[in-house]
Amino acid sequence: MILDLHRQGLTVSAIARELGIDRKTVRKCIARGLEPPVYGPRKPRQRRIDPFVSYLGGRVTAYPGLTGRRLLRELRERGY
Numbered sequence: 010m011i012l013d014l015h016r017q018g019l020t021v022s023a024i025a026r027e028l029g030i031d032r033k034t035v036r037k038c039i040a041r042g043l044e045p046p047v048y049g050p051r052k053p054r055q056r057r058i059d060p061f062v063s064y065l066g067g068r069v070t071a072y073p074g075l076t077g078r079r080l081l082r083e084l085r086e087r088g089y
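In our numbering, the protein residues as written are 10 to 89.
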């Protein structure tokens, strides 16, 4: 795509703006005659807090005045 746009006469800045990549990347691809690799979306990873989200939601709903410090202490007691 970069090389096609370059052959059409677009400037490096215009190509970078249109594709949402850095100008240096565009220059590098033009100089090498290569297209940059296209990466697919990443697989979602589990966060460390995910196993405790339902517990936290229940605690905050039952006791809205709980502090973050108290919740963290409770999570650590549960293995966080």
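Idealized CB from N, CA, C, for every residue including glycine. Here the structure is a predicted model, which is why all the values come from computation and not from measurement.
G67 carries a helical assignment under DSSP once its states are collapsed to helix, strand and coil.
With a 10 Å radius around the Cβ and a threshold of 16 neighbouring Cβ atoms, V47 comes out exposed.
In the structure shown, T34 falls within a helical segment according to DSSP collapsed to helix, strand and coil. V21 sits in a helix when the DSSP states are folded into three classes.
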